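Note that my numbering has the sequence shown beginning at 281, numbered continuously upward. Using N, Cα and C, we set each Cβ at its ideal position, and we do this for glycine too. Note that the structure is a prediction, hence the values are computed from the model and not measured. Okay, so here's the structure we're looking at.
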Amino acid sequence: MFSHIGKARTSKHNLGIASLLSFVAGLVNVVGFFSVQKLTTNVTGHFAFFVDEFFKLNFENAFHVALFVIFFFLGAFFANFMVETYSRIRESETYIFPIITEAIILGVIAFTGSYLIMENPDVIAFSLLFAMGMQNSLVTSISKSIVRTTHLTGLFTDMGIEFSQLFFYKDQFHKRRLLKSIKLRLTIIFMFFFGGLSGGVLFERFGIKSLIVGSAILVGGLLYDFIKIKFILRRRRRRL
């Protein structure tokens with residue numbers, strides 16, 4: 281799911297990583313917004329607020345809003361920097377450090393969030409935007425831009441294009457490829473929605489501590505990949 285890079289990746293791998301990470305993004309989106317009333321998985325809204333404050337000549341407020349965009353950018357930069365660095369050492373493990381870092385960020389915010397909400401809620405927003413920037417950058421790199429998990433605008437655009445193309449492509453090869461792509465995008469949308477719904481239910485009971493679920497899912501995904509790889513290698517050795 282995570283470890284297969286480039287030509288080794290299949291639609292099944294992309295479907296797996298899309299399901300896992302879009303659920304986490306949906307959960308973070310809702311829990312983050314309920315906690316600090318800020319968008320924490322994308323920066324489109326923040327950019328609009330930045331322009332609004334800038335034209336009102338509220339430069340201090342504009343800079344403050346710009347920081348939300350900057351932290352998402354820094355997360356994306358950091359994740360890809362790690363991917364490029366580790367790809368020159370051991371390509372199959374490029375995903376490990378960014379995923380662990382994201383899991384740690386979510387875990388730390390889960391346990392310190394109650395204090396931060398009172399003292400400095402922006403730290404929560406900055407941290408979650410950094411984590412989601414990392415996730416979006418990582419999954420984009422791993423899947424070669426096929427999968428994106430932290431926002432839905434591009435997904436609905438691409439899916440609209442692909443649905444329209446179904447009326448024009450007659451050969452089965454192109455239709456199967458389109459249907460496979462639509463299935464992937466529908467999975468991301470559904471899991472994002474399901475993650476958000478789960479985040480809302482969990483937040484009612486546990487508050488910002490609900491983020492620990494996202495952290496646990498990321499760690500669980502890594503463990504699943506590790507166990508699966510070990511199992512495959514052991515089976516190959518037996519055959520030899």
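On a Cα-Cα basis, can you pick out the residue from the options that is closest to residue i?
| i | options | result |
| --- | --- | --- |
| Pro401 | Phe313, Leu466 and His431 | Phe313 |
| Val265 | Gly413, Phe343, Val345 and Val349 | Summary: the structure shown does not reach residue 265, with the chain confined to residues 281 through 520, and so no result is reported for it. |
| Val331 | Val304, Phe472, Val349 and Asn322 | Val349 |
| Leu435 | Gly296, Asn338, Thr374 and Leu464 | Leu464 |
| Leu466 | Leu432, Phe353 and Ile404 | Leu432 |
| Ser490 | Ile389, Val403 and Glu442 | Ile389 |
| Lys318 | Leu502, Val345, Tyr449 and Arg517 | Val345 |
| Ile492 | Glu399, Arg514, Ile468 and Ala383 | Ala383 |
| Gly325 | Val304, Leu347 and Asn338 | Leu347 |
| Asp505 | Ile369, Thr374 and Ala359 | Thr374 |
| Gly474 | Leu503, Lys455 and Thr429 | Contrary to the premise, residue 474 reads as Phe rather than Gly in this sequence. Of the listed residues, the one whose Cα sits closest to Phe474 is Thr429. |
| Thr381 | Asn360, Leu396 and Ile397 | Asn360 |
Could you give the C-beta distance for residue i and residue j, rounded to a whole number, given that I count them as a contact under 8 Å?
| i | j | result |
| --- | --- | --- |
| Ser394 | Gly476 | Not quite, the Cβ-Cβ distance comes to about 21 Å (not below 8 Å), so this is no contact. |
| Val419 | Ile507 | Wrong, their Cβ atoms sit about 21 Å apart, outside the cutoff. |
| Asn416 | Ala496 | 20 Å between Cβ atoms; not a contact. |
| Val316 | Ile404 | 5 Å |
| Ser302 | Ile468 | 4 Å |
| Val310 | Gly501 | With 8 Å as the limit, Val310 and Gly501 do not qualify as a contact, their Cβ atoms being about 20 Å apart. |
| Phe410 | Leu354 | 6 Å |
| Leu304 | Gly494 | One point to set straight first is that residue 304 is Val, not Leu, in the sequence displayed. Correct: roughly 4 Å between the Cβ atoms. |
| Leu458 | Tyr449 | 7 Å |
Are the CB atoms of residue i and residue j nearer to each other than 7 Å?
| i | j | result |
| --- | --- | --- |
| Ile376 | Leu498 | no |
| Gly306 | Phe472 | yes |
| Leu537 | Thr320 | Not covered by the structure: residue 537. The range shown for the chain is 281 to 520. |
| Ser461 | Glu484 | no |
| Phe406 | Phe352 | no |
| Asn294 | Ser423 | yes |
| Phe334 | Ala328 | no |
| Ser421 | Val481 | no |
Inside the stretch 384 to 409 only - alpha helix (DSSP H) runs reaching at least 4 residues
none
Sequence ranges, beta strand (DSSP E) only - wholly within the stretch 306 to 392, length at least 3:
none
Restricting to runs no shorter than 4 residues, where is the alpha helix (DSSP H) found entirely within the stretch 414 to 491?
433 to 445 and 452 to 486
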